[in-house]
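Asks:
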Amino acid sequence: MKFGIFMGPFHRAGENPTLALERDLELVQWLDYLGFDEAWIGEHHSAGWEIISSPEIFIGVAADRTKHIKLGTGVVSLPYHHPFMVANWMTQLDHMTRGRVMLGVGPGALPGDAYMMGIDPTKQRLRMDEALGVIMRLFTEKEPITHQSDWFELNEAMLQLRPYQSPHMPISVASVQTPSGVALAGKHGASVLTITTPRDPAAPQGIDLHELWDICEESAAEHNQTVDRFDWRLVLPVHLADTREEAFEQARVGAGRYQREYFEHTMGRPPVVDGPADKIIDVLAERGAWIIGTPDDCIEGIKRLEERSGGFGGFMVQTVDWAAREHMLHSYELMARHVMPHFQGSADAAKASNQWAYERNESLMAGRSRALDRAREDYAGRNA
Numbered sequence: 001m002k003f004g005i006f007m008g009p010f011h012r013a014g015e016n017p018t019l020a021l022e023r024d025l026e027l028v029q030w031l032d033y034l035g036f037d038e039a040w041i042g043e044h045h046s047a048g049w050e051i052i053s054s055p056e057i058f059i060g061v062a063a064d065r066t067k068h069i070k071l072g073t074g075v076v077s078l079p080y081h082h083p084f085m086v087a088n089w090m091t092q093l094d095h096m097t098r099g100r101v102m103l104g105v106g107p108g109a110l111p112g113d114a115y116m117m118g119i120d121p122t123k124q125r126l127r128m129d130e131a132l133g134v135i136m137r138l139f140t141e142k143e144p145i146t147h148q149s150d151w152f153e154l155n156e157a158m159l160q161l162r163p164y165q166s167p168h169m170p171i172s173v174a175s176v177q178t179p180s181g182v183a184l185a186g187k188h189g190a191s192v193l194t195i196t197t198p199r200d201p202a203a204p205q206g207i208d209l210h211e212l213w214d215i216c217e218e219s220a221a222e223h224n225q226t227v228d229r230f231d232w233r234l235v236l237p238v239h240l241a242d243t244r245e246e247a248f249e250q251a252r253v254g255a256g257r258y259q260r261e262y263f264e265h266t267m268g269r270p271p272v273v274d275g276p277a278d279k280i281i282d283v284l285a286e287r288g289a290w291i292i293g294t295p296d297d298c299i300e301g302i303k304r305l306e307e308r309s310g311g312f313g314g315f316m317v318q319t320v321d322w323a324a325r326e327h328m329l330h331s332y333e334l335m336a337r338h339v340m341p342h343f344q345g346s347a348d349a350a351k352a353s354n355q356w357a358y359e360r361n362e363s364l365m366a367g368r369s370r371a372l373d374r375a376r377e378d379y380a381g382r383n384a
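In terms of full-length UniProt numbering, the sequence shown opens at residue 1 and continues consecutively.
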């Protein structure tokens, strides 16, 4: 299983934005050191919390400060851009990072973004589909492409550079509120980033994770594509500490602010918890919407997602600036030290070796004692 982050990012409006962006870069550097696999960086243009407007620029800086971690757009809002430009930007990054970039795409999540650019929100998903189809052709076809649309056109267009990764960088489609994302991923043979997890099958028109993947596979079959559930990534907010009590208290105030000030006040969504803000973290953790606790709690939470989904290949932490910097960095360290090895098998050999030594410790110690006795006898014999 791959591990990484999905970085909006979420910074409380009114904080120093320059320092907030620097903390985002610092986090990616820390994850690179800890051995995380991926970091997906968002694109947003309004509302004051998610302040990265160009994931490509952020990725360019982050790539220069890191060595191993893969960096993805999480996501490029395709209706906001000419697809020829997106294909060119990503191809250049692919070369400059020596193949460490991934392309995540979506229709655009914030209504304020589309409004300010004069984009009809009812057309965003259709435009995303059209743009992704063109981008895939630009990545894979060698002949010039001409395409006429009601919002862009291509006249004998071709890329100056082929993607560094063959046939192109990994491509993933965001799935948030409707099945359209997974259906589109299947249509184009792309992977899926499911951001709103887990879904409640008891809710009105709710779609559980099993059904989401079924839709993706059905769409892929319909369009003669193949998809792999182990390229499927699930995204969930997580905060870990050495004890469950510490984890809840470290994020309690920030989690309440995140839910009340961003989702309810800024975005106008109805309250999810009927009660004071400092109880939100308890309720959402109990519902499984967030994982708050120890590494063992995180392991159990991921296992529950595996059961609900039928299996997936990537667990991404949705980054939320809801605790002190040192506590957030420690949370990721705990995940790297204790959660990732459980699912990646990186500590299995050491555990097996430890068990082997435990099961033989009496005979091994007896042999050691005999060796010491023999050494003493040999020494005494030489001095007799």
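Positions of the beta carbon are idealized from the N, C-alpha and C atoms, including for glycine.
Under three-state DSSP, which class holds residue 388?
Replies: With the chain covering only 1 through 384, there is no way to say anything about residue 388.
Asks: Just grab the DSSP bridge partners of Ile-119 for me.
Replies: According to DSSP, which records beta bridges pairwise, Ile-119 is partnered with nothing at all.
Asks: In the structure shown, what three-state DSSP assignment does His-327 receive?
Replies: Here His-327 sits in helix by DSSP.
Asks: Please report the residue range of the alpha helix (DSSP H) in which Phe-139 lies.
Replies: 124–140
Asks: Please state whether DSSP places Phe-315 in a helix, a strand or coil.
Replies: strand
Asks: Could you check the C-alpha separation between Gln-205 and Thr-178 for me, to the nearest Å?
Replies: Reliability fails at Gln-205, whose pLDDT of 48 lies under 50, so the model's placement of it is uncertain and the value that follows must be treated cautiously. So the two alpha carbons sit approximately 10 Å from each other.
Asks: Within 10 Å of its beta-carbon, does Ile-41 have 16 or more other beta-carbons around it, so buried, or fewer, so exposed?
Replies: buried
Asks: Where DSSP assigns a beta bridge to Arg-233, which residues make up the other side?
Replies: Leu-193 and Gly-314
Asks: Using CA atoms only, rank isn't needed, just tell me which of Phe-6, Leu-31, Thr-294 and Ser-180 is closest to Glu-43.
Replies: Phe-6
Asks: Take Ala-251 and list the residues in its own chain whose beta-carbon comes closer than 7 Å to its own, dropping the five residues that flank it on each side.
Replies: His-239, Ile-281, Ile-292, Trp-322 and Ala-323
Asks: I'd like the span of the alpha helix (DSSP H) that includes Phe-84, first residue to last.
Replies: 83–96
Asks: Would you mind sorting Tyr-80 into buried or exposed? The rule is 16 or more other CB atoms within 10 Å of its CB.
Replies: buried
Asks: Beta strand (DSSP E) containing His-223: first to last residue?
Replies: Per DSSP, His-223 belongs to no beta strand (DSSP E) and is neither H nor E.
Asks: At what residues does the alpha helix (DSSP H) containing Trp-356 begin and finish?
Replies: Unbroken alpha helix (DSSP H) run through Trp-356: 348–359.
Asks: Can you tell me where the beta strand (DSSP E) with Gln-148 in it begins and where it stops?
Replies: 145–148
Asks: Return the Cβ separation of Ile-195 and Val-176 in integer angstroms, given the expectation that the two are a contact with Cβ distance under 8 Å.
Replies: 5 Å
Asks: From the DSSP secondary-structure annotation, give me the bridge partner or partners of Ser-172.
Replies: Gly-104 and Ser-191
Asks: At which residues does the alpha helix (DSSP H) containing His-342 begin and terminate?
Replies: 340–344
Asks: Only counting runs of 3 or more residues, tell me where the beta strand (DSSP E) segments fall wholly within the stretch 238–275, in order along the chain.
Replies: 238–240
Asks: Evaluate Val-192 with the Cβ neighbour count: other Cβ atoms within 10 Å of its Cβ, from every protein chain shown; 16 or more gives buried, anything less gives exposed.
Replies: buried
Asks: Determine, using beta carbons only, whether Ala-277 and Gly-256 come nearer to each other than 7 Å.
Replies: Gly-256 sits close to Ala-277, with the two beta carbons spaced by under 7 Å.
Asks: Please list, in chain order, all residues of the same chain as Leu-8 whose beta carbon is under 6 Å from its beta carbon, the five residues on each side excluded.
Replies: A small fix is needed here, since residue 8 is Gly in this sequence, not Leu. Annotation for Gly-8: Gly-42 and Glu-50 place their beta carbon closer than 6 Å to its own, counting only its chain and skipping 5 residues before and after.
Asks: Can you grab the Cα-Cα spacing for the pair Lys-279 / Glu-245, in whole Å?
Replies: Computed Cα separation, rounded: 14 Å.
Asks: From which residue to which residue does the beta strand (DSSP E) around Glu-300 run?
Replies: From DSSP, Glu-300 is part of no beta strand (DSSP E) but of the alpha helix (DSSP H) over 295–309.
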